[in-house]
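Using my numbering, read the sequence shown as starting at 24 and increasing by one per residue. A virtual CB, placed ideally from N, CA and C, is assigned to each residue, including glycine. Keep in mind that this is a model prediction, so the values were computed, not measured.
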Amino acid sequence: GKVPSLLQVYHHAGIALAMWGSSVTQGSWIAWVVCLNSFIHTVMYTYFLLSTLGIKVPGAKYLTSAQIIQFFTGIFGTIGVQVMGEECDTEASRAVLTFIQMYAVGLIFLFGAFFGKKYNKKDGKGKAKKN
């Protein structure tokens, strides 16, 4: 097989740590984050299934865009937990949330670089190709 990319290793190792930390600290915010992530993955794996079955489905770049939007939404949607402090969650849970928010910033950069490399290709004349 292929050697996994930095994006794949960072994404899968980071999410394993994040979910472990959130389950141990029982953060009140985790259900929202998991639902958001589950929605994106349901759409993504439906796309992969249809593609595997030979059904041409346009929109791979929209899936990548949706993932990037998910990361921003997760970061900004959980800021209230940080602002509310002890009224909202435990210190340990907020520490895990801080880790996840920083992890998501890394994902934004990595997925953004992937998007630029994959979907903003130039033709021989310096113009962006249509995808």
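C-beta atoms of residue i and residue j nearer than 8 angstroms
| i | j | result |
| --- | --- | --- |
| W52 | L120 | yes |
| F95 | I131 | yes |
| F137 | L30 | yes |
| Y33 | K84 | no |
| G97 | L133 | no |
With 16 other Cβ atoms within 10 Å as the buried cut-off, status of residue i
| i | result |
| --- | --- |
| A41 | buried |
| I123 | buried |
| S45 | buried |
| V80 | exposed |
| S28 | exposed |
| S74 | exposed |
| T113 | exposed |
| V104 | buried |
| S61 | exposed |
| G50 | buried |
Cβ-heavy atom distance, residue i to the ligand COA, below 7 angstroms
| i | result |
| --- | --- |
| T87 | Ligands are entirely absent from the displayed structure, and the ligand COA is therefore not among its contents. |
Review point. Are there three or more Cβ pairs, one per stretch, closer than 8 angstroms when the stretch 116-134 is compared with the stretch 33-52?
Key: Segment contact: the stretch 116-134 against the stretch 33-52, three or more CB-CB distances shorter than 8 angstroms; contact assigned.
**Study point:** Touching by the beta-carbon criterion (3+ pairs, under 8 angstroms), the stretch 83-93 and the stretch 60-69
**Key:** Verdict: yes, contact present.
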